[in-house]
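Numbering (my numbering), first residue to last: 38 to 172.
Cβ atoms here follow ideal geometry from the backbone N, Cα and C, with glycine treated the same way.
Predicted model only: the values in this text are computed from it and were never measured.
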């Protein structure tokens, strides 16, 4: 299952160290089959606010993502960015093919005291006719 390195970077500055980091990062990703999916602006903020920029790197799995981050090669260049740009970086496992958020809702509902399994919503075609609708 794929895993991702997601960074929310604030206070972006084009310090020479940051530019050096950009030149060198791909070489640290290649042994772990990491690839950029998102790398900075532009963004279209449609809800809330988003100070800064985002980076999303895909890996074949969580083992590769962790191995990349912990690798001596990446650790050698990390300070080039981190000393000049504040931000957060998380490694997160993705969802597999066929993921259905309704199944997650059911699992969460089952773990919540007092919640009952919800019946699927009825569509107009499957809803029973109601005498009090005037139709």
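(message) Once the 5 residues before and after residue 38 are set aside, which same chain residues still bring their CB inside 7 Å of it?
(response) Once the five neighbours on either side are set aside, the close Cβ partners of residue 38 are 98, 130, 131 and 133.
(request) Name the residue from 119, 89 and 104 whose alpha carbon lies nearest to the alpha carbon of residue 48. (result) Of the listed residues, the one whose Cα sits closest to residue 48 is 89.
(message) Here's a check: name, in chain order, each residue in its chain whose Cβ is nearer than 6 Å to the Cβ of residue 72, leaving out the five neighbours to either side.
(response) Excluding positions up to five away in sequence, the list reads 95.
(request) Just the C-alpha distance for residue 42 and residue 114, rounded to the nearest angstrom, thanks. (result) Inter-residue distance for residue 42 and residue 114 is about 16 Å (C-alpha atoms, whole angstroms).
(request) Pull up the DSSP beta-bridge partners for residue 46, would you. (result) Per DSSP, 90 and 124.
(message) Pairs of beta-carbons, one from the region 99-119 and one from the region 62-71, closer than 8 Å: are there three or more?
(response) Taking a contact to require three or more Cβ pairs closer than 8 Å, the region 99-119 and the region 62-71 qualify as touching.
(message) On the CB-based measure, 16 or more other CB atoms within 10 Å of its CB, does residue 147 come out buried or exposed?
(response) So residue 147 ends up on the exposed side.
(request) Measure the beta-carbon distance from residue 121 to residue 55 and round it to whole angstroms, keeping in mind my assumption that it falls under 8 Å. (result) Distance from residue 121 to residue 55 at the Cβ level is roughly 5 Å; contact confirmed, criterion being Cβ atoms closer than 8 Å.
(request) Answer yes or no: do residue 45 and residue 125 have a C-beta to C-beta separation smaller than 8 Å? (result) In contact: residue 45 and residue 125 (Cβ atoms closer than 8 Å).
(request) If I'm right that residue 104 touches residue 40 with Cβ under 8 Å, what's the distance once you round it to whole angstroms? (result) So it is not a contact: roughly 11 Å between Cβ atoms.
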